[in-house]
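Notes follow the structure.
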Amino acid sequence: MAQQSQEDEMIVIAHRGASGERPEHTLAAYDLAIAQGADYIEPDLVPTADGVLVARHENAIGGTTDVADRPEFAERRTTKVVDGEEVTGWFTEDFTLAELRTLRARERLPEIRPANTAYDGLYEVPTLAEVIQLVQASEEQSGRPIGLYPELKHPTYFEELGFDVAATLVEQLHEAGYRGEDAPVFIQSFEIGVLVRLNEMTDLPLVQLVNVAGGPFDRQDLTWPEMLGIDGMTEIARYADGIGAPITLVLSEQGTSTGFVERAQSAGLLVHAWTLRRENAFLPPSLQRGEAPSDHGCAEQLLLMLQAVGVNGVFADQPGMAVEWRDRAAMPPCATRRPADAER
Numbered sequence: 063m064a065q066q067s068q069e070d071e072m073i074v075i076a077h078r079g080a081s082g083e084r085p086e087h088t089l090a091a092y093d094l095a096i097a098q099g100a101d102y103i104e105p106d107l108v109p110t111a112d113g114v115l116v117a118r119h120e121n122a123i124g125g126t127t128d129v130a131d132r133p134e135f136a137e138r139r140t141t142k143v144v145d146g147e148e149v150t151g152w153f154t155e156d157f158t159l160a161e162l163r164t165l166r167a168r169e170r171l172p173e174i175r176p177a178n179t180a181y182d183g184l185y186e187v188p189t190l191a192e193v194i195q196l197v198q199a200s201e202e203q204s205g206r207p208i209g210l211y212p213e214l215k216h217p218t219y220f221e222e223l224g225f226d227v228a229a230t231l232v233e234q235l236h237e238a239g240y241r242g243e244d245a246p247v248f249i250q251s252f253e254i255g256v257l258v259r260l261n262e263m264t265d266l267p268l269v270q271l272v273n274v275a276g277g278p279f280d281r282q283d284l285t286w287p288e289m290l291g292i293d294g295m296t297e298i299a300r301y302a303d304g305i306g307a308p309i310t311l312v313l314s315e316q317g318t319s320t321g322f323v324e325r326a327q328s329a330g331l332l333v334h335a336w337t338l339r340r341e342n343a344f345l346p347p348s349l350q351r352g353e354a355p356s357d358h359g360c361a362e363q364l365l366l367m368l369q370a371v372g373v374n375g376v377f378a379d380q381p382g383m384a385v386e387w388r389d390r391a392a393m394p395p396c397a398t399r400r401p402a403d404a405e406r
């Protein structure tokens with residue numbers, strides 16, 4: 063059983079760090095999330111050409127670094143098929159760590175988060191080792207536990223290229239002192255096979271990520287809806303401790319329970335919902351405030367809805383907001399304001 067129980071308070075997971083306020087997957091984003099009180103920080107992991115795990119949301123790095131502006135790497139631009147989809151760009155597995163170190167991070171969503179572009183060009187792409195070092199140093203300084211919530215991206219794809227990302231991750235976590243079911247770690251993936259294998263390699267808690275449509279890349283015979291009935295969730299519980307689901311699977315359009323949380327928890331699974339974001343672009347119409355997609359809506363109310371239906375954790379781009387309103391026993395002021403009344 064994972065270190066979190068069904069009775070514990072909802073945890074806040076900093077989605078790619080405090081990615082609503084700093085370029086995602088940078089030490090600055092993780093550090094800010096820790097300062098804001100996040101319980102866990104989430105590094106997505108992909109390998110370099112020399113097998114080092116680094117924090118990027120995917121292996122294509124054109125949208126989150128300045129690689130497109132680097133003439134010395136122009137010839138590295140290529141087209142690959144990743145998880146069945148054709149992708150054109152620059153890929154971490156084609157760069158050594160030393161080469162990747164020369165790049166600088168950029169804001170992924172400049173139209174939605176223009177303030178974050180002030181930090182473009184300031185930060186390197188961090189390694190998993192550096193993320194662990196930051197977390198452990200912050201724990202020592204603050205005196206509070208801070209968890210790691212890594213995601214293995216495209217494990218089948220990388221296995222076919224000769225990278226054993228699962229073994230590399232487990233080795234690094236174990237060497238850093240993260241061992242056993244009570245360690246402050248959750249390892250997540252959308253693929254089933256890598257989680258089944260991880261369950262044999264480590265006692266660290268595991269989370270099966272799911273989605274609304276489609277299915278796991280490594281199991282073309284399965285769809286997400288087929289996996290999310292009580293029988294499917296019981297099967298997930300054989301190899302995982304939790305399930306990571308989009309908010310739309312957890313909440314109805316009216317903000318009430320869909321039964322997903324109850325079904326998962328009855329199978330013995332924790333439920334961690336993704337992703338809470340303040341901007342209108344990511345909120346349902348009833349919670350939007352102002353007119354622009356970048357305007358902040360009433361994400362606080364969405365958080366309280368998730369808390370009310372019993373989710374065990376929430377991924378948040380603005381973890382400070384999530385921590386604050388999780389700990390308050392009051393409805394946020396924005397919940398009483400109609401969209402037309404919101405400040406422009």
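Residue numbers (my numbering): 63 to 406.
For each residue, glycine too, the CB sits at the ideal point set by N, CA and C.
query, result
"Going by DSSP, which residues form a beta bridge with G306?", "L271, H334"
"Cutting at 7 Å between CB atoms, please list the residues of its own chain near K142, excluding the five before and the five after it.", "V149, F153"
"Within 10 Å of its beta-carbon, does S251 have 16 or more other beta-carbons around it, so buried, or fewer, so exposed?", "buried"
"Closest to I309 by CA distance: which of D128, E237, A378, A97 is it?", "A378"
"Please report the residue range of the alpha helix (DSSP H) in which I292 lies.", "292-298"
"To test your reading of the DSSP string, which unbroken alpha helix (DSSP H) runs of 4 or more residues are found completely within the region 137-191?", "159-162"
"Mind checking whether M363 and M383 have CB atoms under 9 Å apart?", "According to the sequence provided, residue 363 is Gln. The question's Met does not apply to it. Cβ atoms of Q363 and M383: not closer than 9 Å."
"Using a Cβ distance threshold of 8 Å, determine whether the region 103-121 contacts the region 214-229, with at least three qualifying pairs required.", "yes"
"I'd like to know whether the C-beta atoms of V58 and A335 end up nearer to each other than 9 Å.", "Since the displayed the chain opens at 63 and closes at 406, residue 58 lies outside it and no answer follows."
"Is L313 buried or exposed, if buried means 16 or more other CB atoms sit within 10 Å of its CB?", "buried"
"Which residue marks the beginning of the alpha helix (DSSP H) containing D106, and which one marks its end?", "It is not in any alpha helix (DSSP H) - D106 instead sits in the beta strand (DSSP E) that spans 106-109."
"Where do the N-terminal and C-terminal ends of the beta strand (DSSP E) with V453 fall, by residue?", "For residue 453 there is no data in the structure shown, the boundaries of the chain being 63 and 406."
"What would DSSP say about E213, mapped onto helix, strand or coil?", "strand"
"When you compare the CB positions of E83 and A228, do they come within less than 9 Å of one another, or not?", "no"
"Going along the chain, which residues of its own chain have a beta-carbon closer than 6 Å to the beta-carbon of R166, five neighbours each way excluded?", "D128, G183"
"Can you tell me whether Y102 is helix, strand or coil according to DSSP?", "strand"
"What three-state label does DSSP hand V232 in the structure shown?", "helix"
"Between T318 and V371, is the Cβ-Cβ spacing less than 9 Å?", "yes"
"Are the Cβ atoms of S204 and I123 separated by less than 9 Å?", "no"
"Given a threshold of 16 other Cβ atoms within 10 Å of its Cβ, counted over all protein chains shown, does A180 qualify as buried or as exposed?", "exposed"
"Buried or exposed: where does D357 fall if 16 or more other Cβ atoms within 10 Å of its Cβ makes it buried?", "buried"
"What are the boundary residues of the alpha helix (DSSP H) that A370 is part of?", "361-370"
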